[in-house]
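Chains as they are written, first to last, in the working numbering: chain U, 569 to 1026; chain Z, 17 to 260. For each residue, glycine too, the CB sits at the ideal point set by N, CA and C. Keep in mind the model is a prediction, meaning the values are calculated, not measured.
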């Protein structure tokens, strides 16, 4: 994945240079938010379902150690090989080793945000392994050499005309085609050959059941199944927080997942993988990569309840108008902004500030993560750890002195209003980011406190 | 019942009419209102920027100014939410906690404490309601489109008591306007785009006025309306409830 040195505000400003595109992006994702609302409102017990999911995940986080061992034991009993990876590097090395052991140099991979987080494709490319992403959206951004901009809809930032152009360049179709059905069929034919020839397939994991040692992979395209069923070796990468205690709990999560994500009642394919077929292999890699550190942060641990539905992105008014790439991390949007600082505070110090704290994310979250409250708390942590720009720090100190002293406050207020009224050039200029696209408020003759003194305290 | 009027700093300085209307409205409804003259700010600008630890002076001052009142009322959802959720004072934790329970946003105070059923007000205009996020999602003064729950709105129920007012419907009922405190300058591009989109929704549905419980959101939208040369005005809900 490409890493930019610009922060969210700068990348968002770039995105906003094309206002029509921002409108299109906003409306596309708002449409999905509306579909989510319709789906949720058809379930009278929706809020109870969210609460149940939240409680189940809280239980998982509080007993993660036991559930992991239970899952490992049952998975091994089923004939699955289980691997443990402390971080991204270890995960990538394990995958590489398994590919080498299978004696191949090519792999097909269905959607896994964990492998994005670990930078697996780049790692394997450096070692001469070719990876083809089989999710349609991911295949498109892979051909465009871009990271996904959304965890459920990886290429939601691209218009169909642009996808036609990418397919023209890479898959040999005529120029100027933008018919979605034609483009989808093109991808289908292209991927068919991949599925038939790859001996190793990697998938993500949506839910791993401790009770049975099985795991569930949800896709709408069936691409995880095509890859895994046709390969000799199936590698499943999962974050350790993907566990649920019992199979019956799927009844809660599968009802919530796609309704929250796209407004569908359920994913087209919710495939259970329990044991390898005769002569085939299944490997599971359990990945920590900072999750146990987050688990130890009292205020942020419940971010690990996330089931990656992306409802918080679709509803986020900032995400819709800044695009997924402005978050410069594998998982964008509100949830990404509370997960990323755990991995690297310095690099992602800007993300918790890329929010108005409107709270819509927390309201749509199917597992009730208090996302906006964690954004607020991350701001405090980041500032305390020294990741606030110096100018902001100085400004805040002045503001604090002023607002802690009634005398200073009234003088400052008077001066401020006087400046706006009699010396507007001092604020109405390009150094003032408010004024760039907004007028300053009119400056009243009196403040309320002056009016009150005059009219009520004589 | 003695009520302390808390006027947020930017309302005090830039929108005194909203504060005057709040005072007069409360008095009209028979409330004994006091205004502690040494008040400044709730401390939210620092806290939302990650500098909560610098807000101790503001917190102390707030407690000093308002501890004596039975209730504290402010014409702002955002400042009230901040006090409710984040006011603390290590030297005086009990006073801080007591204040966080007795502070009310104006419309919630009118519907929940005073239980206002009628108002003597007239405002013959087409009005769009802006749902300020902190009042709505933070203080729950109205239902939220994300949740599967019964619909209600304290501000709207009060506006419906105003004679000759026409409330318009919006395409997006409760989307954030993009003000967001310091967000409005640190994320200028997105903030303005969000504001433009909110304003456009009101304009498309024929609003003459945009109202709400938070002057900060309205100030942001006013800045955009004025830049566009629009004749549509923003007005604090207290001014409508006290009109005529």
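Could you tell me which chain U residues have their CB closer than 8 Å to the CB of residue 78 of chain Z, listed as they occur along the chain?
Under the 8 Å cutoff, chain U gives no residues; its nearest Cβ is about 10 Å from residue 78 of chain Z.
Buried or exposed for residue 91 of chain Z, please, with buried defined as at least 16 other CB atoms from any protein chain shown within 10 angstroms of its CB.
buried
Just verifying my parser: in three-state terms, what is the DSSP assignment at residue 1019 of chain U?
helix
From the DSSP output, which residues share a beta bridge with residue 249 of chain Z?
Z:225
Residue 863 of chain U and residue 854 of chain U - do their beta-carbons sit closer together than 9 Å?
no
Considering only the beta carbon of each residue, do residue 947 of chain U and residue 974 of chain U sit closer than 9 Å?
no
Could you name each continuous beta strand (DSSP E) segment of 3 residues or more that falls completely within the region 17-66 of chain Z, going from the start of the chain to the end?
18-21 and 48-50
Does the Cβ of residue 204 of chain Z have 16 or more other Cβ atoms within 10 Å, making it buried, or fewer, making it exposed?
buried
CB-CB length for residue 158 of chain Z against residue 170 of chain Z, believed under 8 Å:
6 Å
Could you spell out where the alpha helix (DSSP H) holding residue 80 of chain Z opens and where it closes?
72-82
Under a three-way DSSP split, which group does residue 757 of chain U fall into?
helix
Cβ closer than 8 Å: which chain Z residues qualify as neighbours of residue 981 of chain U?
25, 28 and 29
Under the assumption that residue 24 of chain Z contacts residue 57 of chain Z (Cβ atoms under 8 Å), give the Cβ distance between them as a whole number of angstroms.
7 Å
Please tell me whether residue 1025 of chain U has its Cβ less than 9 Å away from any Cβ of chain Z.
yes
Since residue 51 of chain Z meets chain U, which of its residues come closer than 7 Å, beta carbon to beta carbon?
1020
Distance between residue 139 of chain Z and residue 570 of chain U (C-alpha atoms, nearest Å):
Its pLDDT being 45, under 50, residue 570 of chain U is placed unreliably by the model, and the measurement read from it follows with that caveat. Going from the Cα of residue 570 of chain U to the Cα of residue 139 of chain Z covers about 56 Å.
Which same chain residues end up closer than 8 Å to residue 861 of chain U when comparing Cβ atoms and leaving out the 5 residues on each side of it in sequence?
910
Could you work out which residues of chain U lie near residue 199 of chain Z, taking near to mean beta carbons separated by less than 9 Å?
886, 921, 922, 923, 924 and 925
Interface residues of the region 996-1011 of chain U facing chain Z [CB-CB below 9 Å]:
1000, 1001, 1002, 1003, 1004, 1005, 1006, 1007, 1008, 1009, 1010 and 1011
Taking Cβ positions only, does residue 69 of chain Z come closer than 9 Å to chain U?
yes
Listed in chain order, which residues of the region 224-241 of chain Z have Cβ atoms closer than 8 Å to some Cβ of chain U?
235, 236, 238, 239 and 240
Would you call residue 179 of chain Z buried or exposed, if buried means 16 or more other Cβ atoms sit within 10 Å of its Cβ?
exposed
Who are the near neighbours of residue 955 of chain U in its chain, counting only those whose CB is closer than 7 Å to its CB and skipping five residues on each side?
913, 914 and 917
Cutting at 6 Å between CB atoms, please list the residues of its own chain near residue 890 of chain U, excluding the five before and the five after it.
580 and 583
What's the gap between the Cα of residue 325 of chain Z and the Cα of residue 977 of chain U?
The structure shown does not extend to residue 325 of chain Z, since chain Z is modelled only from 17 to 260, so the question has no answer here.
Would you check if there are 3 or more beta carbon pairs closer than 8 Å linking the region 663-678 of chain U to the region 789-807 of chain U?
yes
Tell me the rounded alpha-carbon separation between residue 1013 of chain U and residue 146 of chain Z.
27 Å
Which two residues bound the contiguous beta strand (DSSP E) that contains residue 686 of chain U?
No beta strand (DSSP E) holds residue 686 of chain U; the alpha helix (DSSP H) holding it covers 681-686.
Could you please give the first and the last residue of the uninterrupted beta strand (DSSP E) stretch that includes residue 956 of chain U?
Element bounds for residue 956 of chain U: n/a, residue is neither H nor E.
Near-chain Z residues of the region 779-800 of chain U - C-beta to any C-beta below 9 Å:
none
Counting only beta-carbon separations shorter than 9 Å, does residue 35 of chain Z have a partner in chain U?
yes
Write down the C-beta distance between residue 784 of chain U and residue 838 of chain U rounded to the nearest angstrom, noting that I regard them as a contact closer than 8 Å.
6 Å
Residue 573 of chain U by DSSP, collapsed to three states: which one?
coil
Residue-level contact to chain U via CB, residue 206 of chain Z, 9 Å cutoff:
yes
Could you say which of U:979, U:997, U:902 and U:826 lies nearest to residue 1017 of chain U if we only look at CA atoms?
U:979
Quick one: Cα of residue 239 of chain Z to Cα of residue 1006 of chain U, how far?
4 Å
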